[in-house]
Each structure stands twice: as C-alpha cells, then as structure tokens.
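Written below as structure tokens is the structure these notes are about.
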Amino acid sequence: MVNGLEVRGAVLTYPGGPTAVDDVSLDVPAGEVLALLGPSGCGKSSLLRAVAGLEPLTAGQVRWDGDDLAAVPVHRRGFGLMFQDGQLFPHRDVAGNIAYGIGGLPRAEREARVAELLRLVGLRDYGERPVTTLSGGEQQRVALARALAPRPRLLLLDEPLSSLDRSLREHLAGELRDIIHATGTTAVYVTHDHDEAFTVASRIAVMARGRVLQADTPERLWRAPASEEVARFLGYGPVVDAVVVDGQVRGPLGAVVDEPGGVGGEVRLALGPRALVPDDDGEPVPVRGWRVRRGERELDVTLPDGQGAVVRVPADGEVPQTARVRVAAEHVAVVSR
Ligand code: ADP
Ligand code: MG
1 MVNGLEVRGA VLTYPGGPTA VDDVSLDVPA GEVLALLGPS GCGKSSLLRA
51 VAGLEPLTAG QVRWDGDDLA AVPVHRRGFG LMFQDGQLFP HRDVAGNIAY
101 GIGGLPRAER EARVAELLRL VGLRDYGERP VTTLSGGEQQ RVALARALAP
151 RPRLLLLDEP LSSLDRSLRE HLAGELRDII HATGTTAVYV THDHDEAFTV
201 ASRIAVMARG RVLQADTPER LWRAPASEEV ARFLGYGPVV DAVVVDGQVR
251 GPLGAVVDEP GGVGGEVRLA LGPRALVPDD DGEPVPVRGW RVRRGERELD
301 VTLPDGQGAV VRVPADGEVP QTARVRVAAE HVAVVSR
C-alpha cells in the first residue's frame, strides 16, 4: 500500500467518445509533487478529473492511503483543485475567496488562516480587494491560496499558469514550487510545458495517447528518456542514427557516448538543445540562417543526414556560411530504436 495516491489500471472512455485515459497506473506518495506532462489532448485533464472524482472511471481504481475512492464524492475526498482560469467568485473580495473552503472554522481561526495564506502567496495587503481588480497572476495566487486553505491532503492543479504570459509563468512556477514545498503539500500538476514540469515536480510522468510513457525524477528523465518520443517531448531533437561499437555509441560529428554493456547494434542519439558546440577541429556543416536569442546567436545548420539543428555561438562577428561543430557527449541521450 502507498501512503498517498495510487492510480491502478485507470481507464476513462467518454460515452460515445474517445478513450482519454488508457490503462494508467501511478503512485504519488505523500509529500511528492508529480507532474503529468504531455501534448494537448493526451488525456492529462481527464486523468486529473478522474482522480478528483469529477469523472467516473470506466475501469481501474483511484486509492488514497489504500482506500478505494470510487464511492467517495468530490467534496469528501479532501482534495484541492486549481485550474487554468482561477474561477474566483467575482462577488467576493480576495479574503472571501480564500475563506471559501474554511467557512466551518471559528471566525478568529479563519481570519488567521486567511492572513497566513495571503502572506504565503505574497498578497499580504490584498484581503479586501475585489478580485475583479486583480491581474491574471494575482488571481492565480488567490486561487492557489483558496485551494490550500482547507489543508487538502492532495492538491490537483490543471495548467494553473497557462493563461499567463511567459515571463510571469516562469516566475510563478518557481513560486508555486516553493509554496507547495513549504506547506508540504502532495500534488499532481498537469502541464504541457516541459520547463514548468521540470521546475515544479519531484517526479514527472510523460503522457501520450492516454498512456504514461515514462515516470521518473526530472534528472533521470532528462538523462535517460525511455524513447525517442519522450526525448522529443522533453525538448531533445534532432534524433540521429548511431551505432554501438566496443561499449561506445558513435554518431555523426564525433559523437561518442560511453555505453558499458551497450545494447548493441543500431540505436538513436537524441541531441539536446546544447549538444552541438562550435569547435575549430570539428566537422563543417552548412549554415542556413540565424537569429539572436538571449544574447546568443543561434545558427540553423544542416546535419550530415539532412536534418536541421541549432548551434549557439557568441552574438558578435560575422555569420559564417559553414560552421565547424562537434557533438558534446554530455548533452545527448541514447534512445532505443
Ligand atoms: P489534455 O488535458 O491532455 O489536453 P483531455 O483529457 O482534455 O486532454 O482530453 C483527452 C481526450 O478526451 C481528447 O481527445 C478530448 O477531446 C477528449 N475529451 C475530453 N473531455 C471530454 C468530454 N467531456 N467528452 C468527450 N470527450 C472528451
Ligand atoms: Mg487539459
């Protein structure tokens, strides 16, 4: 038995519709933050809704501390919910929204809890503000405070930052992680954004077509993606052919990766975003175009197999017609065919 959430063989087929969740099993031990990461339409929200009790499973089980929750309605599961659009109550002020789920507490306790949460989400003096006057980021902080107020045993977040612009999203993802950790909250965090998943989660489950392709710590997932599909979804690419010779994986442009007891034969090498590095002794590749991003020049080059790739170089100097590059072994992952 797992202390925390267990999902076992979960299937969710919508009546007359698709099978959105197709035999998913996952554990989220107490204290862990699991990200469900995958492209739009892969079944993340459906799985989260089934865990919340908003959608009945077609087959399988959702358990907490070993107890099957099939007969336990949403409001009795002790789970907190937060969505992309905070869905705040417009007729209540900020404090009134945060207090929504703790109306049963004595007044003094309730007010102390609201004040504590306002501090926690960085909105100390916002209690009496109408929520309609808040920015998108502030509204999501209030939604988080409201979800945390009753001290849920599990917090379920569905793309909580997706409606915010990029810089705010990156900033708030870090804050969210800190708040979830500071409160020791167990959580499942749905996102299609790999950066967000890596920022927030202690473990990541990569989903596609209703299934979990791989569930692992961020470090292991990045070092050893289970397949080309997982690698590409994490931001690897291109993926090139390679061979295993004498305990080494050898690919184009001098790529050599030690693979003791290597799987043998033909494999694929997934190149990370920084896998190609300029090197005067490297092989020449044609430069097709370029742009400047975050102070670096990104050259679009063509690999020997015809695939496009990016090389980062300092932003000064002439743009060459050919660049000499090599593959840095620490930025590639070996994936099976
Ligand atoms: P994600 O959150 O990963 O984008 P969803 O769980 O929302 O994916 O959707 C998974 C699949 O289930 C999609 O094909 C979607 O169209 C379908 N789907 C989602 N909700 C419903 C619903 N209420 N009724 C029928 N089909 C649905
Ligand atoms: Mg969704």
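Take the sequence shown: its letters are residues 1 to 337, numbered as in UniProt numbering.
Even glycine gets a Cβ: it sits at the ideal position worked out from N, Cα and C.
Excluding sequence positions up to five away, which residues of its chain have a Cβ less than 6 Å from the Cβ of residue i?
i: Ser46; result: Leu12, Ala20, Val21
i: Arg153; result: Gly78
i: Val62; result: Val7, Val51, Leu69
i: Gly60; result: Arg8, Gly9, Ala10, Val11
What residue does the alpha helix (DSSP H) around residue i start on, and which one ends it?
i: Val114; result: 107-120
i: Thr322; result: Taken as a continuous stretch (DSSP letters only), Thr322 belongs to no alpha helix (DSSP H), being part of the beta strand (DSSP E) at 322-327.
i: Glu196; result: 194-200
i: Val230; result: 228-234
i: Gly174; result: 166-182
i: Pro218; result: 218-223
i: residue 338; result: Residue 338 cannot be examined here, being either before or after the span of the chain that is shown, 1 to 337.
i: Glu138; result: 136-148
i: Arg49; result: 44-52
From the options, pick the residue whose C-alpha is nearest to that of residue i; which is it?
i: Gln321; options: Gly251, Glu55, Gln248, Thr302; result: Thr302
i: Val319; options: Val335, Glu296, Asp178; result: Glu296
i: residue 426; options: His331, Arg203, Asp300; result: Any property of residue 426 remains undetermined from this structure, which presents the chain solely from 1 to 337.
i: residue 362; options: Val121, Gly122, Ala10; result: Residue 362 falls outside the range modelled here, since the chain spans only 1 to 337, and no answer is possible.
i: Ala224; options: Ala35, Arg110, Ser336; result: Ser336
i: Asp281; options: Asp316, Gly184, Arg324, His91; result: Arg324
i: Ile180; options: Ala328, Arg326, Tyr14, Ala35; result: Ala35
i: Ser162; options: Arg151, Glu196, Trp64, Tyr100; result: Glu196
i: Val243; options: Asp316, Asp258, Phe233; result: Asp258
i: Gln139; options: Gly247, Leu155, Pro90, Glu116; result: Pro90
i: Glu170; options: His194, Gly31, Leu105; result: His194
i: Val239; options: Leu172, Gly308, Ala30, Gly17; result: Gly308
i: Gly101; options: Leu123, Arg76, Arg124; result: Arg76
i: Pro304; options: Arg293, Asp65, Pro314, Val287; result: Val287
i: residue 364; options: Gly43, Cys42, Gly66, Leu88; result: No answer is possible for residue 364: it lies beyond the span of the chain, which begins at 1 and ends at 337.
i: Pro39; options: Gly31, Asp241, Asp279, Phe233; result: Phe233
i: Leu271; options: Val334, Gly86, Ser167, Ala108; result: Val334
i: Thr191; options: Thr183, Met207, Leu269, Ala149; result: Met207
i: Pro18; options: Thr58, Pro29, Gly4, Gly127; result: Thr58
Looking only at its own chain, which residues have a Cβ that is under 7 Å from the Cβ of residue i, when we skip the five neighbours before and after it?
i: Glu298; result: Trp290, Arg291, Val310, Arg312
i: Val33; result: Ile180, Ala187, Tyr189, Val200, Ala201, Ser202
i: Asp216; result: Arg203, Ile204
i: Ala275; result: Val327, Ala328, His331, Val332
i: Glu55; result: Leu12, Ser46, Arg49
State the start and end residues of the unbroken beta strand (DSSP E) segment that holds residue i.
i: Gly80; result: 79-83
i: Gly4; result: 4-13
i: Ile204; result: 203-208
i: Ala333; result: 332-335
i: Ser25; result: 19-29
i: Arg268; result: 265-271
i: Gly96; result: Gly96 -> not in any beta strand (DSSP E); alpha helix (DSSP H) instead, spanning 94-98.
i: Pro278; result: 276-293
i: Gly38; result: Counting along the chain, Gly38 falls outside any beta strand (DSSP E), and DSSP gives it neither H nor E.
i: Glu296; result: 296-302
i: Ala250; result: Inspection of the sequence shows that residue 250 is occupied by Arg rather than by Ala. From DSSP, the beta strand (DSSP E) with Arg250 extends over 248-250.
i: Ala309; result: 308-314
i: Gly86; result: No beta strand (DSSP E) contains Gly86, which DSSP labels as neither H nor E.
Thinking residue i and residue j are a contact (beta carbons under 8 Å), I'd like their distance in whole angstroms, please.
i: Glu6; j: Asp27; result: 6 Å
i: Leu37; j: Ile204; result: 5 Å
i: Pro218; j: Ala201; result: 6 Å
i: Val94; j: Arg129; result: 5 Å
i: Leu105; j: Ala145; result: So it is not a contact: roughly 15 Å between Cβ atoms.
i: Val131; j: Asn97; result: 6 Å
i: Leu253; j: Glu228; result: Going by Cβ atoms, the distance from Leu253 to Glu228 rounds to 19 Å, so no, they are not a contact pair.
i: Asp165; j: Gln84; result: Going by Cβ atoms, the distance from Asp165 to Gln84 rounds to 14 Å, so no, they are not a contact pair.
i: Ala30; j: Gly53; result: 19 Å between Cβ atoms; not a contact.
i: Leu148; j: Gly80; result: 6 Å
Output needed for residue i: all residues of its chain with C-beta closer than 8 Å, excluding positions within five of it in sequence on either side, in chain order.
i: Gly174; result: Thr199
Taking CB distances under 8 Å as the criterion, tell me whether residue i reaches chain D.
i: Gly137; result: Within the model displayed, chain D is absent; a lone protein chain is all it includes.
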